[in-house]
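Comments concern the structure below.
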Amino acid sequence: MTPDTPDRLLRVDLSTRTVESVPVPEAWLRRYVGGKGLGARYLYEELEAGVDPLGPSNALLFMLGPLSGRLPGESRYAAVTKSPLTGGFLDSYAGGSFPDALVGALGPNAGLLVTGQADEPVRVVIEDGAATVEPTDAWGEDTVETAAAHPDASVACIGPAGEREVAYATIASDEGDHHAGRGGAGAVMGSKRLKAVVARGEPPALEDERLTALREAAVERYRDDETGRWLRASETVESVDFANEVGALSTRGWADGRFEDADAIGVGAVRERATGRENESADADTDDPGGFRVETDEGDYVPRGAASMSLGAGLGIDEFDAVAQLGQTCDRLGVDLISAGSAIAWAVKAADAALLERSFDFGDPDGARRLLEEIATRETPLGDALADGVDVAAERFGGDDLVPTVKAMELPAYDPRGAQSMALAYATSDRGACHRRARPIEREVFDGEWSPDHTAETVVAEQDRRSILWCLIVDDFVGEAFDDLGAAWLDVVGLEPLGDLATVGERVWNLTRLFNVREGVTRSDDALPSPLREPLESGPNAGEAVDRERFEATLDRYYRKRGWGPDGRPTRATVERLDLAEAVDDDSLLASSTSSVPEE
Numbered sequence: 001m002t003p004d005t006p007d008r009l010l011r012v013d014l015s016t017r018t019v020e021s022v023p024v025p026e027a028w029l030r031r032y033v034g035g036k037g038l039g040a041r042y043l044y045e046e047l048e049a050g051v052d053p054l055g056p057s058n059a060l061l062f063m064l065g066p067l068s069g070r071l072p073g074e075s076r077y078a079a080v081t082k083s084p085l086t087g088g089f090l091d092s093y094a095g096g097s098f099p100d101a102l103v104g105a106l107g108p109n110a111g112l113l114v115t116g117q118a119d120e121p122v123r124v125v126i127e128d129g130a131a132t133v134e135p136t137d138a139w140g141e142d143t144v145e146t147a148a149a150h151p152d153a154s155v156a157c158i159g160p161a162g163e164r165e166v167a168y169a170t171i172a173s174d175e176g177d178h179h180a181g182r183g184g185a186g187a188v189m190g191s192k193r194l195k196a197v198v199a200r201g202e203p204p205a206l207e208d209e210r211l212t213a214l215r216e217a218a219v220e221r222y223r224d225d226e227t228g229r230w231l232r233a234s235e236t237v238e239s240v241d242f243a244n245e246v247g248a249l250s251t252r253g254w255a256d257g258r259f260e261d262a263d264a265i266g267v268g269a270v271r272e273r274a275t276g277r278e279n280e281s282a283d284a285d286t287d288d289p290g291g292f293r294v295e296t297d298e299g300d301y302v303p304r305g306a307a308s309m310s311l312g313a314g315l316g317i318d319e320f321d322a323v324a325q326l327g328q329t330c331d332r333l334g335v336d337l338i339s340a341g342s343a344i345a346w347a348v349k350a351a352d353a354a355l356l357e358r359s360f361d362f363g364d365p366d367g368a369r370r371l372l373e374e375i376a377t378r379e380t381p382l383g384d385a386l387a388d389g390v391d392v393a394a395e396r397f398g399g400d401d402l403v404p405t406v407k408a409m410e411l412p413a414y415d416p417r418g419a420q421s422m423a424l425a426y427a428t429s430d431r432g433a434c435h436r437r438a439r440p441i442e443r444e445v446f447d448g449e450w451s452p453d454h455t456a457e458t459v460v461a462e463q464d465r466r467s468i469l470w471c472l473i474v475d476d477f478v479g480e481a482f483d484d485l486g487a488a489w490l491d492v493v494g495l496e497p498l499g500d501l502a503t504v505g506e507r508v509w510n511l512t513r514l515f516n517v518r519e520g521v522t523r524s525d526d527a528l529p530s531p532l533r534e535p536l537e538s539g540p541n542a543g544e545a546v547d548r549e550r551f552e553a554t555l556d557r558y559y560r561k562r563g564w565g566p567d568g569r570p571t572r573a574t575v576e577r578l579d580l581a582e583a584v585d586d587d588s589l590l591a592s593s594t595s596s597v598p599e600e
């Protein structure tokens, strides 16, 4: 490796307020590269099975990749921990200015590992490759206020939701514009009384001509790539229009697949309101201009597709300003808007089913906002229950068939009844229901294929590809244009992975599966949520439901392609083929050597 390739890890114990920089085992760098992979390896090593996600023994890692600060597209970092929402592996990503500042601040360190629990609210300040733990008086402030108090640095922080350990609290940066959103990494920060991580630094200059050439070539490919053209033109808000057109836009609590007022909250409405783009200095032909900026009564806002889908269509709200204000409320409180949208939708349906003594309605932004604040503050019994996720609320009040979840994580707004292949993508995601691990919806819609074999093959391939991109921590949209998965880049910095990069991606996916198996995940957790077995009420896919038998047959094929047993555990042969034996010392985590999913 070149001298400036990070090969150490900065460890902070909040209980003792000690800090040390330790070398990363070279074998781990070769096996897991960085980012998600290296973070997963440390999490597997640091935690014993059954550790309380909100206890001092849980670890929280802020990870970079070996190419962070050098890659095209938006820089990102990975927050890796054990999720308080799912009880399993979690990696969540955020972009903006914080990752670039973190690169410069960490110096020779590939990431920050935080353990323990402070006895008072603190912040961790990182600069020149070192860190200090300092008391803070920002406890109680929202994400915008917390960041604004550090004008000389970039900040990743929690809001009131993280302080109260809401199970889907986020880690916010850039004054709430960017979030490591899903799965509750912000709640882990709150449990540790860690209000903020403050980074002071600049990414390294691209002085190596080979890296400059690779970056220019990647930008050129991305400019001509379909994904690159789509993002420059529309950013993720066009997802609303796409999902609505194909009848896969979850609407009014998953009752419908099409929202009749989608135009009011889709890309056209955003363009009409836009005052500019997030990256105003971006080159219109080559760079990613980022999201659209709009002005609302509450200030500057960058709307994302997920907000219009989950807080708009999902709640039957057709007013752009109302959806934007709900999104801003989530951002300031520091709460994942996908899970929050599902929580509110569950409350509406639970009230309709007479499971609650309170009344809620779809299309009511004021009621939704009040419930968001109750969730973030846990100030009411309903808010307190929903703060722990839809599954916990259903356990307390009833209504476990109202809103779909996988491994306790609420589904994003692509409805599998309008794109059947998404059922497998959600069910097998390593962090719970997630559309960023695999999006076979696009191939299904445009290619018209979703046979069990085709779907299983597509989902496996996409999961492995995205795993290696998240080890490098490439913007996964820009990564669509990486023909060699980044091998040429790693060659320049002198990092030689063990096996080709596709194998590294598969290795990391199996490692996170082993982590989850150790936490008790079985085939029954790779399940089809019961609400998806109920037919859609309207739209082009009205009457459609996900067929359970076909889903199970597709899951069988997925396990077989993975080299897992019929119970969803990797076999010893798979572990040895992927050079994972060094991490796994418990054969009870593995399927028997003779176990396999039967061929038809």
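Just so we're aligned, residue 1 is where the sequence shown starts under UniProt numbering, counting upward by one. By construction, the Cβ of each residue, glycine as well, lies at the ideal position given by its N, Cα and C atoms.
Under 8 Å between C-beta atoms of A376 and A161: Within the sequence shown, residue 376 is the residue found at index 376, counting from 1. Within the sequence shown, residue 161 is the residue found at index 161, counting from 1. For A376 and A161, yes; Cβs fall inside 8 Å.
First and last residue of the uninterrupted beta strand (DSSP E) at M63: Position 63 of the sequence shown holds residue 63. Here the beta strand (DSSP E) through M63 covers 60-63.
Where the beta strand (DSSP E) through C157 begins and ends: As a first step, residue 157 is located in the sequence shown; it is residue number 157 there, counting from the start. Here the beta strand (DSSP E) through C157 covers 154-157.
First and last residue of the uninterrupted beta strand (DSSP E) at R11: Mapped onto the sequence shown, residue 11 falls at position 11. Counting along the chain, the beta strand (DSSP E) containing R11 begins and ends at 8-13.
Inter-stretch contact at 8 Å, needing at least 3 Cβ pairs: the region 398-414 / the region 518-532: yes
C-alpha distance - R488 paired with R221, whole-angstrom precision: Numbered from 1 along the sequence shown, position 488 holds the residue referred to as residue 488. Numbered from 1 along the sequence shown, position 221 holds the residue referred to as residue 221. Checking the sequence, you will find Ala at residue 488 rather than Arg. Distance between the alpha carbons of A488 and R221 is about 15 Å.
N279 classed as buried or exposed, judged by whether at least 16 other C-beta atoms fall within 10 angstroms: Residue numbering aside, residue 279 sits at position 279 when the sequence shown is read from its first letter. That one is exposed.
For G159 and A94, the rounded distance between their alpha carbons: Walking along the sequence shown from the start, residue 94 turns up at place 94. Walking along the sequence shown from the start, residue 159 turns up at place 159. When rounded, the distance between both Cα atoms is 16 Å.
Every unbroken beta strand (DSSP E) inside the region 27-52 [3 residues or more]: none
Among R548, R513, L424, the one whose alpha carbon lies nearest that of residue 674: The chain is shown only over 1 to 600; residue 674 falls outside these bounds and no answer can be derived.
Bridge partner(s) assigned by DSSP for G432: Position 432 of the sequence shown, counted from the start, is the residue given in the question as residue 432. In DSSP, G432 forms a bridge with D430.
First and last residue of the uninterrupted alpha helix (DSSP H) at G348: As a first step, residue 348 is located in the sequence shown; it is residue number 348 there, counting from the start. Rather than Gly, the amino acid found at residue 348 in this sequence is Val. Segment 337-352, the alpha helix (DSSP H) holding V348.
T212 classed as buried or exposed, judged by whether at least 16 other C-beta atoms fall within 10 angstroms: Counting from 1 along the sequence shown, the entry for residue 212 is found at position 212. So T212 ends up on the exposed side.
Neighbourhood of E175 by C-beta, 6 Å cutoff - its chain only, sequence neighbours within 5 removed: Residue mapping note: residue 175 aligns to position 175 of the sequence shown, counting from 1. Hits under 6 Å: V144, A147.
Minimum length 3: unbroken beta strand (DSSP E) runs contained in the region 102-163: 109-115, 122-127, 130-135, 154-157
Beta-carbon proximity list for V478, same chain, < 6 Å, skipping 5 on both sides: To locate residue 478, count along the sequence shown from 1; it is residue 478. Here the set comprises P72, G73, Y222.
Endpoints, the beta strand (DSSP E) within which E295 is located: Taking the first residue of the sequence shown as position 1, residue 295 is located at position 295. From DSSP, the beta strand (DSSP E) with E295 extends over 292-296.
Beta-carbon contacts of K349 that lie in its chain and below 8 Å, excluding the five residues immediately before and after: As a working note, residue 349 is residue 349 in the sequence shown. G253, G399, L402, V403.
Limits of the unbroken beta strand (DSSP E) element including P381: Counting from one through the sequence shown, the residue named residue 381 turns up at place 381. Note, P381: premise wrong, no beta strand (DSSP E); alpha helix (DSSP H) at 381-386.
Cut-off 8 Å between Cβ atoms - residues of its own chain near L43, not counting five sequence neighbours on either side: In the sequence shown, residue 43 corresponds to position 43, counting from 1. Contacts found: A59, L61, V80, T81, K82, F89, F515.
Buried versus exposed call for T136 [16 or more other C-beta atoms within 10 Å across all chains shown]: Along the sequence shown, read from residue 1 onward, the residue named residue 136 stands at position 136. It counts as buried.
Local conformation of E442 per DSSP, three classes: Looking up residue 442 in the sequence shown gives position 442. DSSP places E442 in helix when its eight states are reduced to three.
Contacts around A433, its chain only, beta-carbon distance under 6 Å, and the 5 residues preceding and following it disregarded: Within the sequence shown, the letter at position 433 stands for residue 433. Excluding sequence neighbours, A433 sits near V406, M409, L411, Y426.
Rounded straight-line distance, which links the Cα of R70 to that of G35: Here the question's residue 35 lines up with position 35 in the sequence shown. Here the question's residue 70 lines up with position 70 in the sequence shown. Going by the C-alpha atoms only, they are around 14 Å apart.
Where E163 falls, given that 16 or more other Cβ within 10 Å makes a residue buried: Against the sequence shown, residue 163 aligns to sequence position 163. Buried is the call here.
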